[in-house]
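*Asks:* Handing you this structure, nothing more for now.
Numbering (my numbering), first residue to last: 6 to 467.
See the structure below:
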């Protein structure tokens with residue numbers, strides 16, 4: 006029998022998961038479909054983990070409005086989900102008088118968007134906030150509301166919340182065909198066909214291909230590759246703010262920021278590429294990032310690089326979100342969500358729900374919401390071994406498996422037993438930070454792999 010849903014959301018990145026969570030608040034049968042083995046495994050896994058204001062987004066655009074709203078909602082809702090927010094403030098630095106003039110326009114845009122604390126500061130104030138910054142700064146803009154967040158736990162928390170409140174999640178399920186039917190759409194998955202009254206395309210790097218299945222050819226995705234360097238935690242005392250360049254028409258530039266995990270991050274590069282599967286970190290990219298680090302924060306190069314990674318942002322021909330309602334076709338496209346997806350996701354979700362309820366679907370709001378929380382991975386935050394009662398009840402929370410990141414057997418076990426379990430070793434790393442530290446799994450990798458294999462074998466047997 007064909008399974009039927011009111012809403013099918015294609016793509017379980019941070020935006021798709023946020024939209025699924027939004028619709029889980031209504032009496033609807035909703036399915037969240039992901040082509041890859043795990044959620045958040047595309048564009049969402051490779052960003053700078055900054056909760057942005059809208060200062061570097063053109064004022065008055067849909068992106069500006071939704072990032073502003075997303076920032077507001079994240080601050081209000083993330084703590085209830087267990088997600089950490091570390092408000093450091095953003096410091097945009099001008100090195101020339103021309104860049105200083107651009108800062109003036111950016112500050113006005115930030116204030117207009119509702120971030121009234123954004124202020125222009127002189128060079129002395131810049132160095133007071135970032136004393137290790139290279140010499141030669143002309144001026145700066147200080148945005149005290151900019152923060153760093155956990156980019157991996159965020160989509161996981163949204164998905165866990167959605168599933169707890171009735172959404173079905175299917176991973177490893179690429180949509181291979183779509184055809185109109187009386188009830189809306191029939192979608193072909195590896196396990197067979199499903200029907201949905203409304204399709205919401207959050208396909209990220211493949212949003213154009215998904216749209217083409219539905220007969221829509223409005224845009225083409227062109228990936229922008231962003232490479233990053235992750236410096237050792239020993240570098241963390243060098244910086245206590247989010248250090249940003251003045252953006253240019255091509256990109257927002259290479260920033261340097263602390264992370265909630267205790268590292269210093271440098272990136273991203275901005276390279277337009279045609280292959281949406283090209284996740285390579287290149288020698289040229291590393292050299293560009295090292296030059297940026299040396300130019301902005303020279304002392305950073307005295308510290309070791311723990312790892313590198315690459316993110317791909319799903320750009321289109323236009324520098325704007327491509328959120329396109331098609332009520333006559335019962336289809337909503339959510340494409341072109343680039344580097345602001347993490348900050349804007351909850352704003353985007355609210356906006357998309359508004360489009361859907363404007364004539365495409367009807368539903369009553371639920372009154373019985375099941376709350377969920379994810380474990381906090383904040384570097385200096387509370388961990389299970391800090392809780393005497395928890396340790397006394399279960400010694401697994403005191404048995405360290407990953408010494409670099411201080412991840413316990415109990416935490417790994419809990420992640421593997423989650424209602425939204427990791428479907429790959431990389432996903433387990435993102436859920437727990439295991440194997441993410443200085444040794445990159447050299448000492449704990451074999452044991453962690455064995456635990457993952459045992460859990461997935463047991464699940465398959467059931």
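For glycine and all other residues, C-beta sits at the position ideal for the given N, C-alpha and C.
Which residue spans inside the region 256 to 280 form an unbroken alpha helix (DSSP H) run of at least 4?
*Replies:* List check, alpha helix (DSSP H) in window: nothing returned.
*Asks:* Just to check my reading of the structure: residue 318 and residue 348 have Cβ atoms closer than 8 Å, yes? What is that Cβ distance to the nearest angstrom?
*Replies:* Residue 318 to residue 348, Cβ: 13 Å. No contact.
*Asks:* With contact counted as at least three CB pairs below 8 Å, one residue from each stretch, are the region 39 to 54 and the region 371 to 389 in contact?
*Replies:* No, because fewer than three Cβ pairs between the region 39 to 54 and the region 371 to 389 fall closer than 8 Å, the two stretches do not touch.
*Asks:* Nearest-angstrom Cα distance between residue 262 and residue 246?
*Replies:* Between residue 262 and residue 246, the C-alpha separation is close to 7 Å.
*Asks:* Cα separation between residue 1 and residue 329?
*Replies:* Beyond the ends of the chain as shown, which are 6 and 467, falls residue 1; an answer cannot be given.
*Asks:* Residue 208 and residue 16: beta carbons closer than 7 Å?
*Replies:* Taking 7 Å as the Cβ cut-off, residue 208 and residue 16 qualify as a contacting pair.
*Asks:* With distances taken from CA atoms, which of 140, 410, 71, 456 is nearest residue 304?
*Replies:* The candidate whose alpha carbon is nearest that of residue 304 is 140.
*Asks:* Measure the alpha-carbon distance for residue 145 versus residue 111 and round it to whole angstroms.
*Replies:* C-alpha separation (whole angstroms): 11 Å.
*Asks:* Once DSSP output is grouped into helix, strand and coil, what is the label at residue 250?
*Replies:* Residue state, collapsed to three classes: strand.
*Asks:* In angstroms with no decimal places, state the Cα-to-Cα distance between residue 361 and residue 350.
*Replies:* Each residue's alpha carbon lies about 16 Å from the other.
*Asks:* Taking buried to mean at least 16 other C-beta atoms within 10 Å of its own C-beta, is residue 364 buried or exposed?
*Replies:* Label assigned to residue 364: exposed.
*Asks:* Within the same chain, show all residues whose beta-carbon is closer than 8 Å to that of residue 143, passing over the 5 residues directly before and after it, in chain order.
*Replies:* Contacts found: 99, 100, 101, 102, 104, 105, 128.
*Asks:* For the region 364 to 429, which segments carrying the beta strand (DSSP E) assignment without a break, of at least 3 residues, lie completely within its bounds, in sequence order?
*Replies:* Segments of the beta strand (DSSP E) lying fully in the region 364 to 429: 405 to 407.
*Asks:* Count the C-beta pairs between the region 281 to 301 and the region 182 to 194 that are closer than 8 Å, then say yes if the count reaches three, no if not.
*Replies:* In short, these stretches do not touch, since the Cβ pair count stays below three.
*Asks:* Determine whether the beta carbon atoms of residue 25 and residue 167 lie at a separation below 7 Å.
*Replies:* Yes, the pair counts as a contact, with Cβ atoms nearer than the cut-off.
*Asks:* DSSP on residue 24, reduced to helix/strand/coil?
*Replies:* Residue 24: helix per DSSP, three-state reduction.
*Asks:* Between residue 36 and the rest of its own chain, which residues show a CB-CB distance below 6 Å, the 5 nearest in sequence each way excluded?
*Replies:* Cβ within range, chain order: 10, 13, 173.
*Asks:* Based on Cα-Cα distance, which residue from 40, 148, 424, 457 lies nearest to residue 210?
*Replies:* Out of 40, 148, 424, 457, 40 has the C-alpha closest to the C-alpha of residue 210.
*Asks:* Secondary structure at residue 29, three-state DSSP: helix, strand or coil?
*Replies:* In the structure shown, residue 29 sits in coil (DSSP, three-state: anything other than H, G, I, E or B).
*Asks:* Where do the ends of the alpha helix (DSSP H) carrying residue 75 lie?
*Replies:* Counting along the chain, the alpha helix (DSSP H) containing residue 75 begins and ends at 67 to 86.
*Asks:* Among the candidates 230, 242, 235, 314, whose CA atom is the shortest distance from the CA of residue 136?
*Replies:* The candidate whose alpha carbon is nearest that of residue 136 is 242.
*Asks:* Which of helix, strand or coil does DSSP assign to residue 175?
*Replies:* Residue state, collapsed to three classes: strand.
*Asks:* For residue 413, collect the residues of the same chain with a Cβ closer than 7 Å to its Cβ; drop the 5 residues on either side in sequence, then sort them by chain order.
*Replies:* Correct list, in chain order: 389, 390, 401, 402, 403, 404, 405, 406.
*Asks:* With the cut-off set at 7 Å, would you say residue 115 and residue 57 are in Cβ contact?
*Replies:* It is not a contact, given that the beta carbons lie outside the stated cut-off.
*Asks:* Using C-beta distances below 6 Å, list every residue in its chain close to residue 28, excluding the 5 sequence neighbours before and after it, in chain order.
*Replies:* Contacts found: 12, 35.
*Asks:* Would residue 417 be called buried (16 or more neighbouring beta carbons within 10 Å of its own) or exposed?
*Replies:* With 16 or more Cβ atoms within 10 Å of its Cβ, residue 417 is classed as buried.
*Asks:* Tell whether a beta-carbon distance below 7 Å holds between residue 368 and residue 32.
*Replies:* Contact: yes.
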